[in-house]
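Participant: Under this note's numbering, the residues of the sequence shown are numbered 16 to 317, in order.
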Amino acid sequence: MSATPPLLDPLFLTHNRQSHLSLEDEIQKLKETIRQQGDLPHTTIKEQLELLNDLAQFPLGQFLIQNKGLNGLWTDYILMHAKRGRVTDKPLSTLEDFMLNRAPTVLATQERFGIFQEELQKRCQNGVTLASIPCGLMSDLLTLDTTDCELLGIDIDKESLEKVSCDRVITIEGDAWTTPLPHQVDVITSNGLNIYEPDETRVIELYRQFYDNLKPGGTLITSFLTPPPALSSDSEWILDKINPEDARLQKVIFADILAATWQVYRTSEETTRQLEIAGFHEIEIIKGKAGIFPTVIAHKLF
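#1: At which residues does the beta strand (DSSP E) containing L229 begin and terminate?
#2: Got a sec? Which residues, its chain only, sit under 8 Å from G67 by beta carbon, not counting five neighbours each side?
#3: Measure the alpha-carbon distance for L229 versus D214 and round it to whole angstroms.
#4: How far does the beta strand (DSSP E) with L85 in it extend, from its first residue to its last?
#5: Once the 5 residues before and after H314 are set aside, which same chain residues still bring their CB inside 8 Å of it?
#6: With a threshold of 8 Å, are at least 3 pairs of Cβ atoms found where one atom belongs to the segment 118-132 and the other to the segment 177-197?
#7: Just grab the DSSP bridge partners of L145 for me.
#8: By the 10 Å Cβ neighbour count, where 16 or more other Cβ atoms means buried, how is R183 classified, buried or exposed?
#9: Using a threshold of 7 Å, state whether the C-beta atoms of H96 and L115 are closer than that.
#10: Which residues share a DSSP beta bridge with A313?
#11: Under DSSP, the alpha helix (DSSP H) around E188 begins and ends at which residues?
#12: Just to confirm the assignment, what range does the beta strand (DSSP E) spanning E299 have?
#13: For F308, count the other beta carbons within 10 Å of its own beta carbon; 16 or more makes it buried, fewer makes it exposed. Which is it?
#14: Whether or not the segment 108-123 and the segment 156-170 are in contact is what I'm after, with contact meaning three or more pairs of Cβ atoms, one per stretch, closer than 8 Å; do they touch?
#15: Should S250 be flagged as near chain B, meaning a C-beta pair shorter than 7 Å?
#16: Considering Cα atoms alone, identify which of S247, Q224 and Y280 is closest to L290.
#17: Whole angstroms are fine: how far does the CA of L94 sit from the CA of K302?
#18: Measuring straight from C-alpha to C-alpha, what distance separates R217 and D40?
#19: Who are the near neighbours of A18 in its chain, counting only those whose CB is closer than 6 Å to its CB and skipping five residues on each side?
#20: Out of S175, L254 and P242, state which residue places its alpha-carbon closest to the alpha-carbon of Y280.
#21: What is the DSSP secondary structure of T161, counted as helix, strand or coil?
#22: Report yes if the C-beta distance between Q77 and L122 is below 7 Å; otherwise report no.
#23: Give the single residue among T90, Q140 and Q136 whose Cα lies nearest to the Cα of T120.
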């Protein structure tokens, strides 16, 4: 993996706050790119322009057009959709329905969230301290029975932290790579950083930060995106669990039109090696139904 250039704003990793263009200007910029690259083997200029127009009709699509990634609020919106459904009376558009209910990576993300919930709840015993990094709206922990647990969260997105409404939670505004927790914890849960970071050295540094913030015997629960078949012969996708047309449409929207910034893929072998370099042991990988967004459980030895 090649190193990334210095970032003026760490929020660039997950949602591009460096862009000062209006929605209309971003749309025009994307249209120009679509026309310049021409028809592709799996899609046409016409289809891409129609999809871009559809994206601009609803708030999630508008945010993605302008930011190319997700902040804590929109991540929560996608994750919790499978549990709580539509949050307004306005019906979903055809495209937003696809993005929330059919896109293979989104389905894998929602499944991954459920696996995290199961694994975290097992560890919510009396006196346990859990930390979410980045924490977003803290839904990963606040939807659990954590009555007798201490909850901590780190996130660089102040807007998300302001939405966390729970007196039992200690939230810290800061960069996950450099912001220490007030003390070591029993469990760290982390999703959504490594899929934006192509620099392997920085990913290992992130895992080392997690390792240092864990108590001896502590557990890290994290995840990673595996490469799709079109990008790697080492793809771990379980193709008979994935609708090929949905996978194609997902690629057109997120890769070809938006060039979304979360498309950093790693294999199970690469992720295991990175965690081992950071000091972790007894690494378990839960692949999920389609092998797209596996969960990792890694331990710090006593």
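The beta carbon of each residue, even a glycine, is placed where N, CA and C say it ideally should be.
Values in this document were obtained by computation on a predicted structure and should not be read as measured data.
Facilitator: According to the structure shown:
#1: L229 to S238
#2: Reading the sequence as shown, one finds Leu at residue 67 and not Gly. I42, L45, K46, I49, I80 and I272, listed in sequence order.
#3: 23 Å
#4: Run containing L85: none; DSSP gives neither H nor E here.
#5: G232, G233, T234, L235, F295, H296, E297 and I298
#6: no
#7: L166 and V202
#8: exposed
#9: yes
#10: L235
#11: It is not in any alpha helix (DSSP H) - E188 instead sits in the beta strand (DSSP E) that spans V184 to E188.
#12: H296 to I301
#13: buried
#14: no
#15: Among the chains in the structure shown there is no chain B, since it carries only a single protein chain.
#16: Q224
#17: 18 Å
#18: 33 Å
#19: Residue confidence is low: A18 scores 30 on pLDDT, short of 50, so the model does not pin down where it sits. Its coordinate-derived value is still stated next. D214.
#20: P242
#21: coil
#22: no
#23: T90
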